[in-house]
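Enquirer: Here the protein sequences line up with chains A and B, keeping their order. Just so it is clear: in the first sequence, position 79 is 79 by the numbering used here, and no numbers are missing. All you need for the numbering used here is the position in the second sequence, starting with 1, plus 191.
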Amino acid sequence: MENESKTVIVEALADHLQLNLNPLAALRQIASRSPEVRSIIMKALADDKTVKEIMEDLKTVFGDYGPWLTDMLTSEADPEFISRVLRDTASIMRALEELEAERRALLKSRRNLARSLIVILGVISAAFSKISELLLYLIMGSSYDSSLSFGFVGAAFALFMIEELEVGVKWLAYYLIPFLSTTFFLSNLIG
Amino acid sequence: MDRKQVMRFIQLFSLGLTWSQVKAVELVARSGVSSYSEDMKRIFLASSIEGHSLSKELNDFCDRLKYKPLGAAIKSLLQGADSQDIVNTLKKFIRTEIEFENREIDRKLAIRLSMAFLTMMLLASASALGTIPPSLLYPISILVLVISAFRFVIRRFMLWKMNQKRL
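(1) By the DSSP assignment, the alpha helix (DSSP H) with Lys170/A in it spans what residues?
(2) For Ser125/A, which residues from the same chain have a beta carbon less than 7 angstroms from its beta carbon, with the 5 sequence-adjacent residues on both sides left out?
(3) Could you tell me whether any Cβ in chain A is nearer than 8 angstroms to the Cβ of Phe343/B?
(4) List the endpoints of the continuous alpha helix (DSSP H) containing Trp68/A.
(5) My guess is that Leu96/A and Gln212/B are in contact by the Cβ rule of under 8 angstroms, so how many angstroms apart are they, rounded?
(6) With a threshold of 8 angstroms, are at least 3 pairs of Cβ atoms found where one atom belongs to the region 136-149 of chain A and the other to the region 161-173 of chain A?
(7) Please name the residues in the region 76-93 of chain A whose beta-carbon is closer than 7 angstroms to at least one beta-carbon of chain B, in chain order.
(8) Note down the Cα distance separating Thr50/A from Arg38/A, rounded to an integer number of angstroms.
(9) Closest by CA to Arg115/A, which one among Ser187/A, Ile177/A and Pro23/A?
(10) With a threshold of 8 angstroms between beta-carbons, can Leu218/B be considered close to chain A, or not?
(11) Keeping to the same chain, check which residues put their C-beta closer than 7 angstroms to that of Val171/A; ignore five residues upstream and five downstream.
(12) Answer yes or no: does any C-beta atom of chain A fall closer than 8 angstroms to that of Pro260/B?
(13) In whole angstroms, what separates the C-alpha of Met353/B from that of Asp193/B?
(14) Anything in chain A within Cβ reach of Met306/B, meaning under 9 angstroms, just list it in chain order.
(15) Within 8 angstroms of any Cβ in chain A, is that where the Cβ of Tyr227/B sits?
(16) Quick one: measure Cβ to Cβ for Asn142/A and Leu134/A, integer angstroms, because I've assumed they're closer than 8 angstroms.
(17) If we call anything under 8 angstroms between Cβ atoms a contact, is Leu17/A one with Pro67/A?
(18) When the Cα atoms are used, what is the spatial distance from Tyr174/A to Leu189/A?
(19) Note down, in chain order, every chain B residue with its Cβ under 7 angstroms from the Cβ of Met140/A.
(20) Hey, is Arg255/B's beta-carbon within less than 8 angstroms of any beta-carbon in chain A?
(21) Taking the C-alpha atoms as reference points, what is the distance between Arg143/B and Phe185/A?
(22) Quick one: does Met311/B have its CB under 8 angstroms from some CB of chain A?
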């Protein structure tokens with residue numbers, strides 16, 4: 001379920017609780033808000049479940065906020081007070097959604113930066129492997145294929161770089177394509 | 192100090208504070224947000240069983256914190272007059288943390304790219320100058336890759352474990 005609708009449902013719950021002063025009736029009222037919530041609540045009401053059991057069933061809908069909302073709705077506190085707390089909870093949820101969106105946008109830009117750096121790393125690894133082979137040939141007069149070794153070192157650092165960013169396995173493509181193409185190009189150039 | 196845990200702490204504390212200070216402490220204590228939940232459990236027990244003042248315990252906790260901005264944010268939340276104050280403090284704190292988090296990522300990326308460059312330069316020059324035999328490049332690179340993969344797996348596992356603990 002979208003976060004937005006989660007917040008809207010909590011707000012609706014607060015409204016209905018203020019009017020009905022009964023958590024069970026409020027839950028019945030919010031059933032119309034989303035098909036997912038409706039099926040869970042209707043089934044729970046048909047089974048004569050308590051508020052706590054219904055909230056347990058709704059855990060997947062409210063996610064992280066589930067236990068907190070259960071605490072509120074099953075407490076002995078004044079329904080008007082619970083309604084006010086629900087409203088405050090909804091405003092915090094809204095603020096957090098906004099902040100989470102900002103965070104996601106910033107992380108996305110960092111992910112793009114990491115991808116560009118991984119492409120550069122692929123080129124650098126290939127270049128260093130060929131430079132190393134060339135220098136070895138010029139200084140020692142012997143030849144040794146070090147592409148795989150530098151490829152591994154580059155891959156290790158690429159993995160090190162994406163550690164924080166949850167880029168997924170795509171990083172391998174971002175690394176391998178420039179690495180292999182540069183290696184191929186330099187091999188043909190140097191011979 | 193884990194920034195994500197700090198943000199999570201403030202989120203939960205603000206949420207609980209809409210009810211009462213006791214609820215805020217209880218909510219963090221139950222959440223399992225690393226060492227903070229242990230501290231909150233201790234504060235909760237000290238106030239509910241030993242009868243210590245909750246505000247005093249929380250103030251002492253804030254003073255003891257190594258990460259001072261967290262302490263300042265908790266104090267500011269405790270002094271907040273209404274829910275709007277709570278939301279404003281929460282927004283301000285999390286926004287600053289997000290900015291720090293991004294700066295930290297930038298710095299880490301720069302350091303890691305420089306390290307990669309330096310390592311490859313050292314390996315290339317050492318093998319070319321005969322300091323290390325070229326045949327040693329392969330085991331060294333495998334070792335570096337294994338260490339990096341191990342770190343990666345451990346980090347992902349820790350993240351997964353933290354997500355399991357949420358609220």
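Cβ coordinates follow ideal geometry from the N, Cα and C atoms, glycine included. Fair warning: this is a prediction, and the values are worked out from it, not measured in the lab.
Expert: Straight from the coordinates:
(1) In the first sequence, counting from the first residue as 1, residue 170/A sits at position 170. Taken as a continuous stretch (DSSP letters only), the alpha helix (DSSP H) holding Lys170/A covers Lys170 to Ile190.
(2) Counted from its first residue, the first sequence places residue 125/A at position 125. Hits under 7 angstroms: Phe150, Gly151, Val153, Gly154 and Phe179.
(3) Mapped onto the second sequence, residue 343/B falls at position 152. By this cut-off, Phe343/B is an interface position.
(4) For the purposes of this step, residue 68/A is taken as the residue at position 68 of the first sequence. Run containing Trp68/A: Gly66 to Leu73, per the alpha helix (DSSP H) assignment.
(5) Position 96 of the first sequence, counted from the start, is the residue given in the question as residue 96/A. Position 21 of the second sequence, counted from the start, is the residue given in the question as residue 212/B. No, Leu96/A and Gln212/B are not in contact; Cβ-Cβ is about 20 angstroms, not under 8 angstroms.
(6) No contact exists between the region 136-149 of chain A and the region 161-173 of chain A.
(7) Val85, Asp88, Thr89, Ser91 and Ile92
(8) As a working note, residue 50/A is residue 50 in the first sequence. As a working note, residue 38/A is residue 38 in the first sequence. Counting only the Cα atoms, Arg38/A lies some 16 angstroms from Thr50/A.
(9) Taking the first residue of the first sequence as position 1, residue 115/A is located at position 115. When Ser187/A, Ile177/A and Pro23/A are compared, the shortest CA-CA separation from Arg115/A is found for Ile177/A.
(10) By 1-based counting over the second sequence, the position of residue 218/B is 27. Output row for Leu218/B: interface = yes.
(11) In the first sequence, residue 171/A corresponds to position 171, counting from 1. First, the residue type needs correcting, since residue 171/A is Trp and not Val in the sequence shown. Cβ neighbours of Trp171/A beyond the five flanking positions: Ile118, Ala158 and Ile162.
(12) Taking the first residue of the second sequence as position 1, residue 260/B is located at position 69. So, not an interface residue.
(13) Locating residue 353/B in the second sequence gives position 162, counting from the first residue. Locating residue 193/B in the second sequence gives position 2, counting from the first residue. Near 11 angstroms, if we compare the C-alpha coordinates of Asp193/B and Met353/B.
(14) Working through the second sequence from its first residue, we reach residue 306/B at position 115. Under the 9 angstroms cutoff, chain A gives Phe157 and Phe160.
(15) Position 36 of the second sequence, counted from the first residue, corresponds to residue 227/B. It does not: the Cβ of Tyr227/B has no partner Cβ on chain A nearer than 8 angstroms.
(16) Here residue 142/A corresponds to residue number 142 of the first sequence, with the count starting at 1. Here residue 134/A corresponds to residue number 134 of the first sequence, with the count starting at 1. According to the sequence as given, residue 142/A is Ser; it is not Asn. Taking 8 angstroms as the upper bound for CB-CB distance, Ser142/A and Leu134/A are not in contact here, some 12 angstroms apart.
(17) Translated into positions along the first sequence, residue 17/A becomes position 17. Translated into positions along the first sequence, residue 67/A becomes position 67. No, Cβ-Cβ distance for Leu17/A and Pro67/A is not below 8 angstroms.
(18) Residue mapping note: residue 174/A aligns to position 174 of the first sequence, counting from 1. Residue mapping note: residue 189/A aligns to position 189 of the first sequence, counting from 1. Cα-Cα distance, rounded: 23 angstroms.
(19) Reading the first sequence from its first residue, position 140 is the one you call residue 140/A. Neighbours of Met140/A on chain B, chain order: Gly321.
(20) Counting from one through the second sequence, the residue named residue 255/B turns up at place 64. No, no contact with chain A.
(21) The question about residue 143/B has no answer, for chain B in this structure spans 192 to 358.
(22) Here residue 311/B refers to the residue found at position 120 when the second sequence is read from its first residue. Chain A contact via Cβ: present.
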